[in-house]
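Working notes for the structure below.
In the numbering used here, the protein residues as written are 41 to 477.
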């Protein structure tokens with residue numbers, strides 16, 4: 041599919057529900073006793089893989105024609121033995137968090153996935169879960185397919201995260217739900233805290249204390265979770281794409297409604313403001329324990345900056361689209377401390393560097409990041425076909441680049457976008473982008 045120079049973008053839109061919250065809402069609802077109700081759930085392939093896995097382990101999950109999801113849970117400790125392998129598709133989040141759930145239940149589960157997911161390392165989750173007593177057998181390099189034999193009872197551990205990873209933290213906390221005693225996770229670098237917020241909301245005995253800059257998260261096991269009514273806010277990672285599109289297409293002015301602005305997720309918007317973006321949070325409010333706002337954004341003359349490396353955990357998924365904004369800025373933008381991007385759905389650093397060069401942007405690849413030489417607001421040359429590498433964020437980032445390019449930018453495969461943002465192209469067209477095609 042090709043994306044060409046767009047007229048000014050305008051209008052008000054909503055992006056799909058937050059992927060991180062959607063995964064956790066399904067999992068915790070499945071472990072509660074009773075019926076939970078979820079609105080705004082992201083209905084992308086990744087979240088549907090989580091729903092299918094929870095059904096396979098006993099939860100009764102249904103969707104109404106109006107989009108209300110109901111989950112009848114089995115209770116902590118009540119997961120059933122799945123009859124077949126759990127196919128995680130492209131979802132690393134589903135895989136790592138569900139490994140944690142299974143690790144402390146008396147079941148055995150085999151995890152499989154697509155070609156992209158089977159290349160992603162799982163050792164960072166395997167190691168601590170085995171310390172808790174789980175028996176895990178993986179393909180060479182700690183990769184899928186892998187089998188988790190849960191320990192019951194599992195052993196509570198105190199674990200200091202060696203890398204900033206909300207997925208590892210969440211896997212350990214989920215394992216801790218059915219583990220007697222206190223599971224203690226030390227987090228030197230804060231990461232997204234949806235698990236902590238939602239666990240408390242479901243009634244888990246969880247505390248968070250900060251000592252000498254380190255977050256200490258303690259969860260009392262053998263928890264009893266109560267069913268909840270959950271409204272999932274719009275995904276800030278998905279909102280990043282129309283926001284950056286409006287910033288780089290001259291004359292644009294848009295509003296993205298009902299976006300989660302949890303401070304552990306909103307780093308991109310802080311960085312864009314540092315670059316000079318005309319971007320504001322309007323109608324700020326709290327929904328279901330999560331801060332939410334409408335994002336109002338207008339086309340802006342951006343200036344390249346050195347992105348503070350410490351902000352990376354709050355925007356790790358947004359660096360690909362930030363690189364597109366940087367390509368349109370005046371001066372150079374330096375991004376360091378983002379080596380985590382090399383083990384995402386693709387090596388996102390290498391993929392962005394290759395794609396930017398293909399559309400005429402000067403960029404230097406670093407071991408832990410990249411340096412993008414901006415074009416000062418001039419249109420990007422474009423005119424290339426980009427390999428998406430089965431990575432939804434690479435595909436969407438270069439689709440946005442095409443809207444500010446002289447020659448169309450073609451994405452070789454847009455199908456991966458269905459994992460997180462099924463109506464991405466439709467939404468851009470509602471803002472006026474389709475007029476350029």
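Here a beta-carbon is modelled for each residue, glycine too, at the ideal position from N, C-alpha and C.
{"query": "Residue range of the unbroken beta strand (DSSP E) whose run includes residue 121", "result": "That residue, residue 121, is in no beta strand (DSSP E); it is neither H nor E in DSSP."}
{"query": "Residue 291 burial status per 10 Å Cβ neighbour count (16 or more: buried)", "result": "exposed"}
{"query": "Local Cβ density within 10 Å of residue 475, reported as buried at 16 or more and exposed below that", "result": "exposed"}
{"query": "Reduced DSSP secondary structure (H/G/I, E/B, other) of residue 438", "result": "helix"}
{"query": "Environment of residue 326 [buried if 16+ CB atoms lie within 10 Å]", "result": "exposed"}
{"query": "Coil, strand or helix - residue 301 by DSSP", "result": "coil"}
{"query": "Nearest to residue 212 (by Cα), restricted to the options 223, 203, 231", "result": "223"}
{"query": "Among 387, 71, 108, nearest to residue 14 - alpha-carbon criterion", "result": "The structure shown does not extend to residue 14, since the chain is modelled only from 41 to 477, so the question has no answer here."}
{"query": "Residue 107, buried or exposed, once every other Cβ within 10 Å from all chains shown has been counted against 16", "result": "exposed"}
{"query": "Runs of beta strand (DSSP E) lying entirely within the segment 339 to 417, each at least 3 residues, in chain order", "result": "372 to 375, 403 to 406, 409 to 413"}
{"query": "With 16 other Cβ atoms within 10 Å as the buried cut-off, status of residue 207", "result": "buried"}
{"query": "Residue 155 versus residue 397 - alpha carbon distance", "result": "26 Å"}
{"query": "Residue nearest to residue 260 in terms of C-alpha spacing, selected from 331, 286, 239", "result": "239"}
{"query": "Straight-line gap, residue 456 to residue 129 (C-alpha atoms, nearest Å)", "result": "10 Å"}
{"query": "Among 355, 346, 133, the one whose alpha carbon lies nearest that of residue 231", "result": "355"}
{"query": "Euclidean distance between Cα positions of residue 247 and residue 255", "result": "10 Å"}
{"query": "Beta-carbon proximity of residue 274 to residue 250, cut-off 7 Å", "result": "no"}
{"query": "Nearest to residue 350 (by Cα), restricted to the options 370, 379, 336, 267", "result": "379"}
{"query": "Paired residues, beta bridge with residue 54 - DSSP", "result": "297"}
{"query": "Span of the alpha helix (DSSP H) around residue 234", "result": "234 to 241"}
{"query": "Cβ pair residue 174, residue 188 closer than 7 Å", "result": "yes"}
{"query": "Residue burial classification, residue 135 (beta-carbon count within 10 angstroms, cutoff 16)", "result": "buried"}
{"query": "Residue 89 versus residue 131: straight-line alpha-carbon distance, rounded", "result": "8 Å"}
{"query": "Residue ranges of each alpha helix (DSSP H) within the segment 100 to 180, 4 or longer", "result": "132 to 143, 163 to 171"}
{"query": "Residue from 371, 169, 310, 440 with nearest C-alpha to residue 200", "result": "169"}
{"query": "Start-to-end residues for the beta strand (DSSP E) that takes in residue 422", "result": "420 to 422"}
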